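Residue numbering for the sequence shown is 780 to 1276, as defined by the numbering used here.
Quick reminder that beta carbons are idealized off the backbone N, C-alpha and C, glycines included.
Computed from a prediction, not measured in an experiment: that's the story for all the values here.
What follows is a set of notes on a single structure, which appears directly below.
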Amino acid sequence: MDGKEKKNLKLGELRPDPDGRVVIPEGVTELEPMAFALQGFLTQVDFPQSLRKIGEKAFVCCTELTHLEFPHGLREIGPDAFQCCFRLTEVHIPASVEKIGRDAFGSCGRLIRVQHPEESEATEEAVEGDTALTIHAPAGSYAQRWAEKHGIPFEAEEEKENRPCLTTPEPEEDHVLVIPEGVLEVEEMAFAERTDLTGVVFPTSLRKIGRGAFYGCMGLTQVSLPQGVTQVEDSAFAACTGLTGVTLPESLRELGSGAFANCTSLTRIALPEGLEQLGAFAFLGCAALEEVTLPEGLREIREETFSGCVSLRRFHLPALLRDIGKRAFENCAALTVADFPAGLERVGAHAFRGCTGLLAASLPAGLTELGDWAFFGCTGLSALRLPDGLTELGEEVFHGCTGLMEVRFPAGLKVIREYALEGCTDLRSVELPEGLTELRSFAFSGCTGLREVTLPGSVERIAPSAFLKCEQVTLRAPAGSYAQAFAEREGLAFRPL
């Protein structure tokens, strides 16, 4: 279900996983009546930040629920919403709630704690039944007055819902930081360069890791972010050189620029399916990274995302991918295959430069842009079939691909730019398509194994250095063509077609 399109959730539309957990996607604003009613095996509910209303009897008789934490922004809990949830022991209600319906927590026989907002206009029948209830809420709040009126035990506490995590608390004696429940955000640079940290325990309330929050924490070895975290900002865990394992939750929507850059011990990463934005430089310089799992819905891999991941061997490019940014996989020397999806439209400059282990690159028919230096120095490439949508070959795009023996040029090709195939020493024969008009400087310079080049009559300009150091080449073209005149002028062998 697409949480951005779906606003209401109805009965039967979403079921718990085998562990009894249900994750309601972002974008849902209302749970309709009976949405999860009578699901006795439901043990945990993760609510989205977008939620505004829980309808009547939405969770009635969900007898295995023990803990509820509603998102800030929730406004209404309907009548009988959690009635007969006998095992419910703790409920956190944000200050945004304005209405709680009759018997919303009725007959919750083991309910012992409810954190209630300030100035909420909850109805007085919310907990009728045999409820054992203690109210935890700010002193002087509506919740305190309501509890005292009904003879319910009350304990004052600070409002938690927007409490950030600053540079406190301090780590425990074993150098493990335990961030308390209620914290929503780890602030910018909060624990940057704390090299004494060896571990972090994150609260289930957490939603965001701020910019550079754990930058340079070289002692960290494992990071496991809880379900509910939606955003990891720029450089959040950059330069955590001891980090070997990372677990990211399905709730994550944004991974910022350089989030794990230069985590030189990280060996594998699985990005969750719900991820919508993968920042530039996210895994730049992760030299030990061998395997990456990308979400199928990802449409763009940005600038230098995996640049310098010299151990990267395995990844599957998602079906919806449209754009690979400049230097995205530069110097990924262990990479052997790049299997591009059918819908890919653009490969940026330097995208696979220096991928010396790359043996095959299957470029899709819909590709319309192949950036300068895109496959520069990919010495393992032996054959290429270029899609017909390409009209230009960029500067140095295949420069130094010394293993390249065969290239099928696109039918729509108009221009071969400077140094495009310079130094492709294993290239023996080239047939250029009708419609080509120009070969620029050093286009095939240094292709010392080149024996034959077939040129169409459409060619109007060939730079003098286009075939520099191609001493054994013979040009073939229509008699009387520009190519024949060029061959005679430059002293190259010529045979008419």
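In the DSSP assignment, the beta strand (DSSP E) including Ala1117 goes from what residue to what residue?
Residue numbering aside, residue 1117 sits at position 338 when the sequence shown is read from its first letter. It spans 1116-1118 - the beta strand (DSSP E) in which Ala1117 sits, taken as one unbroken run.
Restricting to runs no shorter than 3 residues, where is the beta strand (DSSP E) found entirely within the region 977-1057?
Assignment of beta strand (DSSP E) within the region 977-1057, counting only whole runs of 3 or more residues, yields 978-980, 1001-1003, 1024-1026, 1047-1049 in chain order.
At a cut-off of 7 Å, is Ala1117 close to the ligand FAD when judged by its beta-carbon and the heavy atoms of the ligand?
Absent from the structure shown: the ligand FAD. Ligands present: none.
Just how far apart, CA to CA, sit Thr910 and Ala860?
In the sequence shown, the residue the question calls residue 910 occupies position 131. In the sequence shown, the residue the question calls residue 860 occupies position 81. Interpretation of Thr910 is limited by its pLDDT of 47, a score under 50 that renders its predicted location unreliable; the figure taken from the coordinates is listed afterwards. Each residue's alpha carbon lies about 15 Å from the other.
Suppose contacts are defined by Cβ-Cβ distances below 8 Å. Is Ile856 in contact with Phe826 by that definition?
On the sequence shown, position 77 is the one that residue 856 refers to. On the sequence shown, position 47 is the one that residue 826 refers to. No, these two residues do not count as a Cβ contact at 8 Å.
Would the beta-carbon of Glu964 fall within 8 Å of that of Arg986?
Residue 964 sits at position 185 when you count from the first residue of the sequence shown. Residue 986 sits at position 207 when you count from the first residue of the sequence shown. Yes, Cβ-Cβ distance for Glu964 and Arg986 is below 8 Å.
Can you name, in chain order, every residue of its own chain whose Cβ lies under 7 Å from the Cβ of Ser1044, other than the five neighbours on each side?
Taking the first residue of the sequence shown as position 1, residue 1044 is located at position 265. Cβ-Cβ distances below 7 Å link Ser1044 to Thr1020, Gly1021, Leu1022, Thr1023, Ala1067 in the same chain, with the five nearest sequence neighbours on each side left out; the list follows chain order.
Anyone know if the C-beta pair for Leu788 and Ala814 falls short of 8 Å?
Translated into positions along the sequence shown, residue 788 becomes position 9. Translated into positions along the sequence shown, residue 814 becomes position 35. Yes. Within cutoff.
Since Glu1148 and Glu1174 are thought to touch, with beta carbons under 8 Å apart, how far apart are those beta carbons, to the nearest angstrom?
Position 369 of the sequence shown, counted from the start, is the residue given in the question as residue 1148. Position 395 of the sequence shown, counted from the start, is the residue given in the question as residue 1174. Wrong, their Cβ atoms sit about 13 Å apart, outside the cutoff.
So for Arg866, helix, strand or coil by DSSP?
Reading the sequence shown from its first residue, position 87 is the one you call residue 866. Note: Arg866 maps to coil in three-state DSSP.
Taking the continuous beta strand (DSSP E) assigned at Ala1266, which residues delimit it?
Position 487 of the sequence shown, counted from the first residue, corresponds to residue 1266. Not the beta strand (DSSP E): Ala1266 falls in the alpha helix (DSSP H), residues 1261-1269.
I need the DSSP call for Phe861, collapsed to helix, strand or coil.
Here residue 861 is taken as the residue at index 82 of the sequence shown, counted from 1. Three-state result, Phe861: coil.
Bridge partners of Pro1275, per DSSP?
As a working note, residue 1275 is residue 496 in the sequence shown. Partner(s): Ala1256.
Between the alpha carbons of Glu1269 and Ala1117, how many angstroms are there, rounded?
Taking the first residue of the sequence shown as position 1, residue 1269 is located at position 490. Taking the first residue of the sequence shown as position 1, residue 1117 is located at position 338. About 39 Å.
Taking the straight line between their C-alpha atoms, what separation do you get for Thr842 and Thr822?
Position 63 of the sequence shown, counted from the first residue, corresponds to residue 842. Position 43 of the sequence shown, counted from the first residue, corresponds to residue 822. Approximately 8 Å between the Cα atoms of the pair.
If we ignore side chains and look at the alpha-carbon of each, how far apart do Cys1134 and Glu1210 end up?
Within the sequence shown, numbered from 1, the residue matching residue 1134 stands at position 355. Within the sequence shown, numbered from 1, the residue matching residue 1210 stands at position 431. Straight-line Cα distance between these residues: approximately 26 Å.
Applying the 10 Å Cβ sphere with the 16-neighbour rule, what's the burial state of Glu903?
One-based indexing of the sequence shown puts residue 903 at position 124. Interpretation of Glu903 is limited by its pLDDT of 42, a score under 50 that renders its predicted location unreliable; no figure is taken from the coordinates.
For His1095, count the other beta carbons within 10 Å of its own beta carbon; 16 or more makes it buried, fewer makes it exposed. Which is it?
For the purposes of this step, residue 1095 is identified with residue 316 of the sequence shown, where counting begins at 1. Under this definition His1095 is an exposed residue.
Which residue spans inside the region 1104-1175 form an unbroken beta strand (DSSP E) run of at least 3?
Runs of the beta strand (DSSP E) inside the region 1104-1175: 1116-1118, 1139-1141, 1162-1164.
Between Leu1050 and Glu1075, which are expected to be in contact by the criterion C-beta below 8 Å, what is the C-beta distance as a whole number of angstroms?
Position 271 of the sequence shown, counted from the start, is the residue given in the question as residue 1050. Position 296 of the sequence shown, counted from the start, is the residue given in the question as residue 1075. Rounded, the Cβ-Cβ distance is 10 Å, inconsistent with contact.
Which one of Ala1140, Pro1097, Phe970, Phe1085 has the shortest CA to CA distance from Ala1107?
Here the question's residue 1107 lines up with position 328 in the sequence shown. Residue Phe1085 is the option with its Cα nearest to Ala1107.
Here's a check: name, in chain order, each residue in its chain whose Cβ is nearer than 6 Å to the Cβ of Arg973, leaving out the five neighbours to either side.
Taking the first residue of the sequence shown as 1, we reach residue 973 at position 194. Taking Arg973 as the centre and dropping the five residues before and after it, the same chain places the C-beta of Cys996 closer than 6 Å to its C-beta, in chain order.
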